[in-house]
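Residue 220 in the numbering used here is what sits at position 220 of the sequence shown, and the numbering runs on without skipping anything.
The C-beta atom is built at its ideal place from N, Cα and C for all residues, glycine as well.
The block underneath contains the structure these notes are about, expressed in structure tokens.
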Amino acid sequence: MLTKRQNLLETIHGGKPDRFVKQYEAFGMIVGNAFSKHNPAPKPGEENIVNAWGVTRSWPKGMPGAFPVHKPDTIVIKDIEEWKKYVKVPQVIYDAKEWEPFIEQAEKIDRKDQYVTPAVFPGVFEQCHYLLEIQECLMAFYENPDEMHELIDCITQFELDLAAEIVKYLKPDALFHHDDWGSQISTFISPEMFREFIKPAYMKIYGYYKSHGVELIIHHSDSYAATLVPDMIDMGIDIWQGVMTTNNIPELIKEYGGKISFMGGIDSATVDFEGWTQEKVAQEVKRACAECGKLYFIPNASQGLPVSTFPGVYEALDAEIDKCSKEMF
Numbered sequence: 001m002l003t004k005r006q007n008l009l010e011t012i013h014g015g016k017p018d019r020f021v022k023q024y025e026a027f028g029m030i031v032g033n034a035f036s037k038h039n040p041a042p043k044p045g046e047e048n049i050v051n052a053w054g055v056t057r058s059w060p061k062g063m064p065g066a067f068p069v070h071k072p073d074t075i076v077i078k079d080i081e082e083w084k085k086y087v088k089v090p091q092v093i094y095d096a097k098e099w100e101p102f103i104e105q106a107e108k109i110d111r112k113d114q115y116v117t118p119a120v121f122p123g124v125f126e127q128c129h130y131l132l133e134i135q136e137c138l139m140a141f142y143e144n145p146d147e148m149h150e151l152i153d154c155i156t157q158f159e160l161d162l163a164a165e166i167v168k169y170l171k172p173d174a175l176f177h178h179d180d181w182g183s184q185i186s187t188f189i190s191p192e193m194f195r196e197f198i199k200p201a202y203m204k205i206y207g208y209y210k211s212h213g214v215e216l217i218i219h220h221s222d223s224y225a226a227t228l229v230p231d232m233i234d235m236g237i238d239i240w241q242g243v244m245t246t247n248n249i250p251e252l253i254k255e256y257g258g259k260i261s262f263m264g265g266i267d268s269a270t271v272d273f274e275g276w277t278q279e280k281v282a283q284e285v286k287r288a289c290a291e292c293g294k295l296y297f298i299p300n301a302s303q304g305l306p307v308s309t310f311p312g313v314y315e316a317l318d319a320e321i322d323k324c325s326k327e328m329f
């Protein structure tokens, strides 16, 4: 039997996996770092928590994650033309003692079985709309391109500074990075605009990680983003996590398998809800595995961490993936 790490590599390299990769099983996730200790984040049910960037966020009960609170008095950048006046870039360099709990986590992970995988979020695009508010952000790409380029350069440098600390202390094998690039049916900005503003930032960020020992980049965007897949490949993304069924995953696998793999195929909203049932979970897992096949695909709920909103759903998905492995391998 292959290790979790070996089975993942066989799957994404078109080899001979002996079972489906079971969601996040191949990744020893480290959700936190020295910076995040100083970057307050809401827990489920908490409201109006202000983070190190000055962004106010809340996590309503029953929701899959925290969301920015954009009211006139909480929006950080009140005028994009004067963004430098409003944005205070947080410190990322902390004493080595601050990293000790996370180094300890990394050392407990068996690197022969799993990838040491720190998580970084939010991403470049999300950070822009966290600071600006989503509508103002989208309009600024059109109306204030120079300022948006400057803001993105600022966020990119922050990410590179954080990356330097992460690779220094954790020596990761893989990276799990969030940045939602679309709704369920479309990207937030056109592919052309994405290539002008967002892609260059990730060429630098993911290029840095890859040049410092990170073997795999797993990028989370639980959205439609099929039109961005060629760019994901250019940016060095190995696995697109969160890929929703609106993307026609079998066609993407047929066209791009071998260059990138797809982790998802099970929209969280279809299985992770109050009153969920094992039968519904089984139905969705079987459909995803049958449609997408054994290679270049990892069955997984689209949510961007190894958790579920409602208790038991993540474990139920694991159990059904095991059943499909027994039937299909």
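Sheet register partners of residue i (DSSP bridge)
{"i": "Y115", "result": "F27"}
{"i": "W240", "result": "H219 and F262"}
{"i": "L175", "result": "I217"}
{"i": "P64", "result": "Answer is none; P64 lacks a bridge partner."}
{"i": "I49", "result": "R57"}
Coil, strand or helix - residue i by DSSP
{"i": "M263", "result": "strand"}
{"i": "V21", "result": "coil"}
{"i": "F35", "result": "coil"}
{"i": "P42", "result": "coil"}
{"i": "E196", "result": "helix"}
{"i": "F310", "result": "coil"}
{"i": "Y224", "result": "coil"}
{"i": "P72", "result": "coil"}
{"i": "M139", "result": "helix"}
Endpoints, the beta strand (DSSP E) within which residue i is located
{"i": "T56", "result": "T56 to S58"}
{"i": "A301", "result": "F297 to A301"}
Range covered by the alpha helix (DSSP H) that runs through residue i
{"i": "P230", "result": "V229 to M235"}
{"i": "I205", "result": "K199 to S211"}
{"i": "Q6", "result": "K4 to I12"}
{"i": "S186", "result": "Where S186 is concerned, there is no enclosing alpha helix (DSSP H), given that its DSSP letter is neither H nor E."}
{"i": "T156", "result": "P145 to L170"}
{"i": "K280", "result": "Q278 to C292"}
{"i": "L305", "result": "Per DSSP, L305 belongs to no alpha helix (DSSP H) and is neither H nor E."}
{"i": "P250", "result": "I249 to Y256"}
{"i": "F271", "result": "The identity of residue 271 in the sequence shown is Val, whereas the question assumes Phe. S268 to V271 is the span of the alpha helix (DSSP H), which, as asked, contains V271."}
{"i": "M328", "result": "V313 to M328"}
Residue-level contact to chain C via CB, residue i, 8 Å cutoff
{"i": "M203", "result": "Chain labels in this structure do not include chain C; a single protein chain is all it has."}
8 Å contact criterion, which residue i and residue j should meet: CB distance rounded
{"i": "T117", "j": "I30", "result": "7 Å"}
{"i": "D222", "j": "D180", "result": "7 Å"}
{"i": "A301", "j": "V271", "result": "6 Å"}
{"i": "G54", "j": "L295", "result": "About 45 Å separates the two Cβ atoms, so there is no contact after all."}
{"i": "G265", "j": "T245", "result": "7 Å"}
{"i": "T187", "j": "F176", "result": "Not a contact, Cβ separation roughly 21 Å."}
{"i": "N39", "j": "A26", "result": "At roughly 27 Å, the Cβ-Cβ gap does not stay under 8 Å, so N39 and A26 are not in contact."}
{"i": "E196", "j": "E147", "result": "About 14 Å; that fails the 8 Å criterion."}
{"i": "I253", "j": "W240", "result": "Incorrect: roughly 11 Å between the Cβ atoms, too far for contact."}
{"i": "P42", "j": "A66", "result": "5 Å"}
Inside the region 76-136 only - beta strand (DSSP E) runs reaching at least 3 residues
115-120
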